[in-house]
Amino acid sequence: MNLPNSTLLVLMGLLTFALAGSGPAHATLGEGSDSIAKDRKALSAVKRATTSHAKYSVQEVASDATVVREFLTPSGVVFAIAWKGLVPPDLTVLLGSYFDEYKEAKRQLPRKHGQRRSRVKGDRVVVETWGHMRNLQGRAYDPALVPTGVRIDEIH
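This is how it looks when you write it as C-alpha cells:
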C-alpha cells in the first residue's frame, strides 16, 4: 500500500499518542495544592522545582513526556496550569470539575482544519493550546481565581 507522506505522518502521530497514553495526571484546577503531591507520587512523576513570586508560586512536575507547571495562589489553590511536551496532559484530570464546561464550550466552536492554536472559553475556565507534534503547549486557568495583578501571559 502506497500512502502519501502526510498521511503517514498523521498515522505515526496517532500511533505515538495511543502508545504513550494520555499522559500523567497532576493537580486539579481550582483545588488545593495537596492534590499535586498525591498525583505525583501515584504516577511516579518527578517534582522538578518550586518557584515563588510575589503573588503566586509555581510547582513544576515532569513525566517522561510532559512538563506541567501548576500556579498556586498564596492560599494554596491551583488557579492555572501550563504544560509543554511530547503529548498533551489528561485534561479530564487537570480541569476536574471544569472539564464538562470546557468540553461543551469546545463543542460549540466552529472546526478549523489545520489550526495550530486554539482558545476555548467557558464561563469559568479558559483553555489555550498551541504548538506542533513533539512540542505541544497549553494553559488552562480560571479567570476568577487569578490573583490581582497577575498577567495571563505569565502563565506558561
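The working numbering puts the first residue of the sequence shown at 1273, with every later residue one more than the last.
Built from N, CA and C at the ideal position, the CB exists for glycine as well.
Taking 7 angstroms as the cut-off, the Cβ atoms of Gly1348 and Ser1390 do not count as close. Under DSSP, the beta-bridge partners assigned to Gln1409 are Lys1356, Trp1402.
For a cut-off of 8 angstroms, the C-beta gap from Leu1417 to Thr1345 is around 7 angstroms, short enough to register as a contact.
For Gln1387, the closest of Ile1427, Asp1395, Glu1400, Thr1420 by C-alpha to C-alpha distance is Glu1400. Asp1414 is positioned such that its CB atom lies closer than 7 angstroms to that of Val1397. Annotation for Gln1380: the continuous alpha helix (DSSP H) segment containing it runs 1371 to 1380.
Between Leu1358 and Ala1337, the C-beta spacing is below 7 angstroms. For Lys1384, DSSP assigns no beta-bridge partner whatsoever. Trp1355 is positioned such that its CB atom lies no closer than 7 angstroms to that of Gly1403.
Taking C-beta separations shorter than 6 angstroms and ignoring five residues to either side along the sequence, the partners of Arg1341 in its chain run Val1330, Glu1332, Ala1354, following chain order. At least 7 angstroms separates the beta-carbon of Tyr1374 from that of Leu1381.
Look at Gly1368 here: in three-state DSSP terms it is helix. Residue range 1338 to 1344 is occupied by the beta strand (DSSP E) that includes Arg1341. Annotation: the continuous beta strand (DSSP E) that includes Val1333 extends over 1329 to 1334.
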